[in-house]
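Enquirer: If you read the sequence shown in the numbering used here, its first letter stands for residue 10, the second for the next number, and so on. Next up is a structure, given as structure tokens.
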Amino acid sequence: MASTTLGTSIKTRGDSFPNFILFPNKPLSPKVSSFAFLKRAAPRGVAATWRTAEHGGALAAEEVDEEMGRIRRLQNGSDVRGVAIEGEKGRTVDLTAAAVEAIAESFAEWVINGMETGRSVSVSVGRDPRISGSALSAAVFAGVSRAGCLVFDMGLATTPACFMSTVLSPFSYDASIMLTASHLPYTRNGMKFFTKRGGLSSPEVEEICDRAAVKYANRVVKVSTLLRTPPSKVDFMGAYSKHLRDIIKQRINHPLHYDTPLQGFKIIVNAGNGSGGFFTWDVLDKLGADTFGSLHLNPDGMFPNHIPNPEDKTAMSLTRASLLDHNADLGVVFDTDVDRSGVVDHEGNPINGDKLIALMSAIVLREHPATTIVTDARTSVALTKFITNRGGRHCLYRVGYRNVIDKGIQLNMDGIETHLMMETSGHGALKENYFLDDGAYMVVKIIIEMVRMKLEGSNEGIGSLIKDLEEPLESAELRLNVISEPSFAKEKAVEVIETFRDFVQEGKLEGWELDSCGDCWVHEGCLVDLNDHPKPIDAQMYSFMGIKEAMS
């Protein structure tokens, strides 16, 4: 790692010197949790800069390519992900403050380019509790401000709340950035991007990272850390919580206690020390629910108890145990930034993966009969049967939550009613909720259904909605590594997949078949990761013989 020092450069400026951020002079460590905002004045014409000791002068072409490559490698589909602090064996810090600033500035410029000229552009910034969040937030503030946008600091937030800050009045910001690495270790961090039309696509993030790569390479010698305007702190999470409470009250419309429709219900929440604790005290408690026995609600960026992940066996097991101990009606597990969730029914049965998709499908199909439901290609034949038996249409699409959501948006644009898009990881989006993958909103839908069933006289609980979902006797996920030079990895992967597809279609593997969804055949992406860098390939085939027999 190159060491970094704070230097100065002279500019001809006639205005007063604004506040600027003091960045640490070494890579972030667990002890570094924030940047300091300097409130003192400086001589006119002086601006703070980064200086990287490793590069004292102009860079050679190959060095420029390498510096630009560092930024491009941070792209992870529609997100940016990297190592933000030291402490992970075999990994070096690559999501540095300088990289984050360049990416944030490039995103802000991208937003400005798509807006009407002559008006100010506003960007909100949120973060999850991981220990690098405060420091990297300051880098985001610097980049967005440098681009000329107004910055609004949401502080501890959730990923869905960041998007909702662009549409809920009176906030209605033009764009938003969330700093999170979801369920990954405390050493990681990342960035998610939103405008009023939703999350950015992979090509859009690639364009932003390309722009940022040029900025980053050009600033290896000197990077401005000027803040034109300090960020304004806003309490958006309070408004977002009220938004969720209002939805529950209005849709339940309880005949006896409208304002406390969850009175008499016991709900256990396991936030995993991420950002999801608000759902307990700002949503459920205020609606009358008994949440005693909830777990790990206080944010702790070291995640000391377990990975905040609804797919994590420890998270689900602890939630199940607390639910049974307190005789609760529902258990809820959130991931770190609350864009995913899982639940446990009143009998202690974990509901995630295919089961969660089935539960949401049952709810949505009651509200919207015959609607199409889009999932990733890893779901089971049993789920397809479950959906079609209820009059729905199951569209399997390529792996990746953004791919699944975008497919649903496209189907709606094509006139095919599609109300639910969901991935086995727990990312789920609804047409009624801006096509946003919001773990809290999914739980809101489940809670409303739970109360509705109770008001209709049923004591079976939400688990009864999926009692006819068949479970596979055996399942396995196969990940194939492609051995190739990075620049040829994608081409080699496509060749392997097409060869395997032909092998199956020619009937050389008895009992196996390829799934399709409209124009989405295997060779068009169900099994292909479209990233230019080497990635595992997710393949889903169905066998009525069983995997072991087919592979023997």
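Note that beta-carbon positions come from the ideal geometry of N, C-alpha and C, so glycine has one too. Only a predicted model underlies this, so the values are computations on that prediction, with no experimental measurement involved.
1. My assumption, with CB atoms under 8 Å, is that residue 87 sits in contact with residue 278. Please give the rounded CB distance.
2. According to DSSP, simplified to helix, strand and coil, what is residue 346?
3. Does DSSP put residue 395 in a helix, a strand or coil?
4. Any contact of the region 124 to 136 with the region 158 to 177, i.e. 3+ C-beta pairs under 8 Å?
5. Counting Cβ pairs closer than 8 Å, one from the region 169 to 185 and one from the region 261 to 274, do we hit at least three?
6. Check each candidate in 436, 81, 425 and 426 and name the one with the smallest Cα separation from residue 413.
7. In terms of residue numbering, what span does the alpha helix (DSSP H) encompassing residue 171 cover?
8. Using the C-alpha atoms, what's the distance from residue 251 back to residue 280?
9. Identify the continuous beta strand (DSSP E) that holds residue 382 and give its terminal residues.
10. Alpha carbons only, please: which of 345, 348, 268 and 305 is nearest the one belonging to residue 327?
11. To the nearest angstrom, report how far apart residue 472 and residue 358 are at their CA atoms.
12. Suppose you measure from the CA of residue 319 to the CA of residue 242; what does that come to, to the nearest Å?
13. Alpha carbon to alpha carbon, how far is residue 323 from residue 309?
14. Once DSSP output is grouped into helix, strand and coil, what is the label at residue 337?
15. Name, in chain order, the residues that DSSP records as bridge partners for residue 84.
16. Hey, could you find the ends of the alpha helix (DSSP H) residue 154 is sitting in?
17. Which residues does DSSP pair with residue 198 in a beta bridge?
18. Taking 8 Å as the limit between beta carbons, can you name the residues of its chain near residue 153, skipping five residues before and five after?
19. Under the three-state reduction of DSSP, which class applies to residue 448: helix, strand or coil?
20. Which whole-angstrom value describes the C-beta separation of residue 427 and residue 373, a residue pair presumed to lie in contact below a C-beta threshold of 8 Å?
21. Please look up how many angstroms separate the CB atoms of residue 149 and residue 109, rounded, as I've assumed it's under 8 Å.
22. Once you ignore the five residues that flank residue 191 on each side, which residues in its own chain have a CB closer than 7 Å to its CB?
23. Could you give the distance in angstroms between the alpha-carbon of residue 288 and the alpha-carbon of residue 267?
24. Return the Cβ separation of residue 76 and residue 226 in integer angstroms, given the expectation that the two are a contact with Cβ distance under 8 Å.
25. Terminal residues of the continuous alpha helix (DSSP H) containing residue 369?
26. In the structure shown, what three-state DSSP assignment does residue 98 receive?
27. Would you say the region 325 to 339 touches the region 381 to 395, given that touching needs at least three Cβ pairs under 8 Å?
28. Grab me the residues of residue 367's own chain with a C-beta within less than 7 Å of its C-beta, minus the 5 sequence neighbours each way, in chain order.
29. Under a three-way DSSP split, which group does residue 163 fall into?
30. Within its chain, find whatever has a CB closer than 6 Å to the CB of residue 497; leave out the 5 residues flanking it on each side and keep chain order.
31. With DSSP collapsed to three states, give me the class of residue 305.
32. Per DSSP, what kind of secondary structure is residue 2 in: helix, strand or coil?
33. CB residue 91 to CB residue 103, shorter than 8 Å?
34. How would you call residue 240, buried or exposed, if buried means at least 16 neighbouring beta carbons within 10 angstroms?
35. Would you mind giving the Cβ-Cβ distance between residue 276 and residue 298, rounded to the nearest angstrom? I have them listed as a contact below 8 Å.
36. Where does the unbroken alpha helix (DSSP H) through residue 422 begin, and where does it stop?
Expert: Looking at the atomic coordinates:
1. Sequence index remark: in the sequence shown, residue 87 carries index 78 (1-based). Sequence index remark: in the sequence shown, residue 278 carries index 269 (1-based). Their Cβ separation, rounded to whole angstroms, is 28 Å, which puts residue 87 and residue 278 out of contact at 8 Å.
2. Counted from its first residue, the sequence shown places residue 346 at position 337. Residue 346: coil per DSSP, three-state reduction.
3. Here residue 395 is taken as the residue at index 386 of the sequence shown, counted from 1. Looking at residue 395 - three-state DSSP - the assignment turns out to be helix.
4. yes
5. no
6. By 1-based counting over the sequence shown, the position of residue 413 is 404. Taking only the C-alpha atoms, the option nearest residue 413 is 436.
7. Mapped onto the sequence shown, residue 171 falls at position 162. 168 to 173 is the extent of the alpha helix (DSSP H) around residue 171.
8. Start at 1 with the first residue of the sequence shown, and residue 280 comes out as number 271. Start at 1 with the first residue of the sequence shown, and residue 251 comes out as number 242. Spanning the two alpha carbons is a distance of roughly 19 Å.
9. Stepping through the sequence shown from its first residue, residue 382 is reached at position 373. Segment 381 to 385, the beta strand (DSSP E) holding residue 382.
10. Counting from one through the sequence shown, the residue named residue 327 turns up at place 318. Nearest C-alpha to residue 327: 305.
11. Along the sequence shown, one-based indexing puts residue 472 at 463. Along the sequence shown, one-based indexing puts residue 358 at 349. Rounded to the nearest angstrom, the two C-alpha atoms are 8 Å apart.
12. Looking up residue 319 in the sequence shown gives position 310. Looking up residue 242 in the sequence shown gives position 233. Rounded to the nearest angstrom, the two C-alpha atoms are 31 Å apart.
13. For the purposes of this step, residue 323 is taken as the residue at position 314 of the sequence shown. For the purposes of this step, residue 309 is taken as the residue at position 300 of the sequence shown. Each residue's Cα considered, the two are about 17 Å apart.
14. Reading the sequence shown from its first residue, position 328 is the one you call residue 337. Here residue 337 sits in coil by DSSP.
15. Translated into the one-based positions of the sequence shown, residue 84 becomes position 75. Answer by DSSP bridge pairing, in chain order: 89.
16. Along the sequence shown, one-based indexing puts residue 154 at 145. Counting along the chain, the alpha helix (DSSP H) containing residue 154 begins and ends at 142 to 155.
17. Along the sequence shown, read from residue 1 onward, the residue named residue 198 stands at position 189. In DSSP, residue 198 forms a bridge with 91.
18. Here the question's residue 153 lines up with position 144 in the sequence shown. 113, 114, 116, 117, 132, 134, 160 and 186.
19. By one-based count along the sequence shown, residue 448 stands at place 439. Reduced to three states, the DSSP call for residue 448 is helix.
20. Locating residue 427 in the sequence shown gives position 418, counting from the first residue. Locating residue 373 in the sequence shown gives position 364, counting from the first residue. Rounded, the Cβ-Cβ distance is 10 Å, inconsistent with contact.
21. What you label residue 149 is simply residue 140 of the sequence shown in a count that begins at 1. What you label residue 109 is simply residue 100 of the sequence shown in a count that begins at 1. Contact flag correct, Cβ pair sits at about 6 Å.
22. Position 182 of the sequence shown, counted from the start, is the residue given in the question as residue 191. These residues qualify, in order along the chain: 344, 345 and 346.
23. Against the sequence shown, residue 288 aligns to sequence position 279. Against the sequence shown, residue 267 aligns to sequence position 258. Approximately 19 Å, taken between the alpha carbons.
24. Indexing the sequence shown from 1 puts residue 76 at position 67. Indexing the sequence shown from 1 puts residue 226 at position 217. With 8 Å as the limit, residue 76 and residue 226 qualify as a contact, their Cβ atoms being about 4 Å apart.
25. Reading the sequence shown from its first residue, position 360 is the one you call residue 369. Residue 369 -> alpha helix (DSSP H) spans 363 to 376.
26. Residue 98 sits at position 89 when you count from the first residue of the sequence shown. Note: residue 98 maps to coil in three-state DSSP.
27. no
28. Taking the first residue of the sequence shown as position 1, residue 367 is located at position 358. So the list reads 392, 395, 475 and 478, once near-sequence residues are dropped.
29. Against the sequence shown, residue 163 aligns to sequence position 154. It is a strand residue.
30. Working through the sequence shown from its first residue, we reach residue 497 at position 488. Correct list: empty, nothing qualifies.
31. The residue given as residue 305 occupies position 296 in the sequence shown. DSSP places residue 305 in coil when its eight states are reduced to three.
32. With the chain running from 10 to 561 in the structure shown, residue 2 is simply not present.
33. By one-based count along the sequence shown, residue 91 stands at place 82. By one-based count along the sequence shown, residue 103 stands at place 94. Cβ atoms of residue 91 and residue 103: closer than 8 Å.
34. Position 231 of the sequence shown holds residue 240. It is buried - the Cβ of residue 240 has at least 16 other Cβ atoms within 10 Å.
35. Residue 276 sits at position 267 when you count from the first residue of the sequence shown. Residue 298 sits at position 289 when you count from the first residue of the sequence shown. Contact flag correct, Cβ pair sits at about 5 Å.
36. Numbered from 1 along the sequence shown, position 413 holds the residue referred to as residue 422. Per DSSP, residue 422 belongs to the alpha helix (DSSP H) from 410 to 422.
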